[in-house]
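Below: the structure, in structure tokens.
In this note's numbering, the protein residues as written are 418 to 1070.
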């Protein structure tokens, strides 16, 4: 009876992502990403970030914040590097410690993640991270240990991947021997979302809480295991104790969680986001003192010119407002001094030049729909469609079709009326791909959440190009869209002619860098082409890069005068960047990572992916402790931009 009364008195406990702002069906402050926070090298700001996140959480009734992420930056390809704090265990640990202290000083529980050795998004459920113990203890454990022992973090989240062949959620050495016994952790050990693969394995392996729902650690699975002696009742009791004592310690059982006295669109939080962005942007190159741009007309150009990009997945946040770089420049210099040439302006829509067939009589595409996910079987429906722009979500394209496991193909013909550069953009959930003249051009052909891919192609006047777009839906939401546009080179040349200064805004975004997939090292061909095109027509060009880590500068870095690594600078990032670009503020960010000249120089190159054709994927951390700058010291390769690098507008001797 006591237990029934006790459990009836436990209120709903809300969790929310995440590392750079509160998400999950809400709008909230979008703070700069983790790697930018690390680039400030500022403990005080990291603590303030924690305070801001906690206040935003309390305003929404959130008791447990699912952050920070502290996985070590091992390779620039990892899709979640932007959430983390760089390649160095000490810098990562210090930043995480202050973040956690800030969150928990406000009465909100922090969650340090993802434990452990989750250093790639590629095949994260299946690829075992095979790491020797010295390397774990010196490189991949210190930030977690500091979170537990020095910051008193309330929760630890296990990762998706196996560690040395045993999934983290079932790894008793990791969860019991290390965290509980060696480090003295008393809090909640939870799974990442759907990272439990065995109820008995997780129960005996030290996991307390399966998230987001009980799929394996259920009554149906665990009670027979207890009755059969496979799982001890004391093991379950310990899990209950860990959960309840931690909730009690944070006042979650007796304190109203939602604090209505805190504004949800919080001015204090905005200021913290701005202060972080001001100190975390890194000036990588500034030949001949090109920056700051103090006077004259400035052209702001590129795919990220009028947006604030961010990484995708659980680090994505929907803010109330944003200040893009273009907005920030207008605020400081006035609209007459600033011209915008975003992609939507630079690329003229050419949908009216796409026809259903070679007769060129009807605009649009021929669509074919199938009740299978692989474009096979009997054709269910044919249709002529003026555009490919479908958001079926959880519905079906037509009555009688399944809501999942279907596919579609669209074909069209384009005849170029002049020489030029064409941009194709595809987006979807799940798989999509584009063929031109039966050659695969771009796509993301797999099971995934919403993503976007672009491709650029040089076309010749009078040539005919046959387009084929293919799509399949696996399960969940179904969305697909296709756009095509030709670069307006006359408009580009005219705008450059009248500009004294040029800012090209390039990089990645939530559709091309994020959770669940790794990203390429280089920018897209189209972005590199644009930068080089602009640099060939103008001699005063600065490039602002949005990315969660290092990129390949070889194809364009020497063509421009200045480069700013802006990471993902949060909702106020455009204001901070404008202050730096115009000289109101001197840049002070320093790299928390080494940026290699080419991917092959990286110490983990050759060890990052398992390319063996075997069913059990294993990633051997053969470099050991020699990751990041340690590896460059060892292999003698000189990084293009070393760890700790960052220029300012002052000069020093």
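Glycine is no exception: its CB is placed at the ideal position from the N, C-alpha and C atoms.
Note that the structure is a prediction, hence the values are computed from the model and not measured.
Counting C-beta pairs with one atom in each stretch, the segment 938 to 946 and the segment 964 to 975 have three or more that are closer than 8 Å, which means they touch. For residue 442, no alpha helix (DSSP H) segment is defined, and its DSSP state is neither H nor E. DSSP lists 764 as the beta-bridge partner residues of residue 904. Take residue 499, set aside five residues on each side of it, and the residues of its chain with a beta-carbon closer than 6 Å to its own are 450, 452, 728, 965, 985, in chain order. If you draw a straight line from the Cα of residue 488 to the Cα of residue 576, it comes to about 10 Å.
Taking 7 Å as the cut-off, the beta carbon of residue 527 is found closer than this to the beta carbon of residue 520.
Of all C-beta pairs linking the segment 423 to 440 to the segment 472 to 480, three or more are shorter than 8 Å, placing the two stretches in contact. Straight across, the Cα-Cα distance linking residue 593 with residue 952 is about 57 Å. Remark: three or more beta-carbon pairs, one from each stretch, lie closer than 8 Å, so the segment 649 to 658 and the segment 617 to 634 are flagged as touching.
A residue is called buried when at least 16 other Cβ atoms come within 10 angstroms of its Cβ; residue 645 does not meet this threshold and is exposed. Put simply, of 1027, 803, 724 the residue whose alpha carbon is nearest the alpha carbon of residue 988 is 724.
Residues of the same chain with a CB within less than 8 Å of the CB of residue 507, apart from the 5 flanking positions on each side, are 559 in chain order. Using a Cβ distance threshold of 7 Å, residue 470 and residue 432 do not count as a contacting pair.
If one requires a minimum length of 4 residues, the alpha helix (DSSP H) runs lying completely within the segment 609 to 633 are 616 to 621, in chain order. DSSP places residue 561 within a helical segment (H, G or I) once states are collapsed to three. Inter-residue distance for residue 970 and residue 945 is about 9 Å (C-alpha atoms, whole angstroms). Note on residue 793: under 16 other CB atoms within 10 angstroms of its CB, so exposed under the neighbour-count rule. Distance from the CA atom of residue 806 to the CA atom of residue 899, rounded to whole angstroms, is 7 Å. DSSP places residue 711 in the coil class of the three-state scheme, outside both helix and strand. DSSP places residue 688 in the uninterrupted alpha helix (DSSP H) bounded by 684 to 697. Assignment of beta-bridge partners to residue 654 by DSSP yields no partner. Every beta strand (DSSP E) stretch that sits fully inside the segment 784 to 823 and reaches 3 residues is listed by chain position as 796 to 802, 806 to 810. Per DSSP, reduced to three states, the secondary structure at residue 703 is strand.
Nearest in C-alpha terms to residue 572, of all of 602, 819, 533, 954, is 602. Scanning 630, 765, 458, 596 for the CA closest to the CA of residue 696 turns up 458. Residues of the same chain with a CB within less than 6 Å of the CB of residue 749, apart from the 5 flanking positions on each side, are 995, 999 in chain order. Residue range 526 to 532 is occupied by the beta strand (DSSP E) that includes residue 531.
Distance from the CA atom of residue 928 to the CA atom of residue 868, rounded to whole angstroms, is 4 Å. No residue range can be given for residue 932, since it is assigned to no alpha helix (DSSP H) and is classified by DSSP as neither H nor E. As far as DSSP is concerned, residue 746 takes part in no beta bridge. Shown here, residue 476 sits in coil according to DSSP, grouped into three states, outside any helix or strand. Taking 7 Å as the cut-off, the beta carbon of residue 935 is found closer than this to the beta carbon of residue 538. Judged by their CB atoms, residue 718 and residue 660 are not nearer to each other than the 7 Å cut-off.
Residue 992 is positioned such that its CB atom lies closer than 7 Å to that of residue 745.
Shown here, residue 990 sits in a helix according to DSSP, grouped into three states. In the DSSP assignment, the residues bridged to residue 719 are 759.
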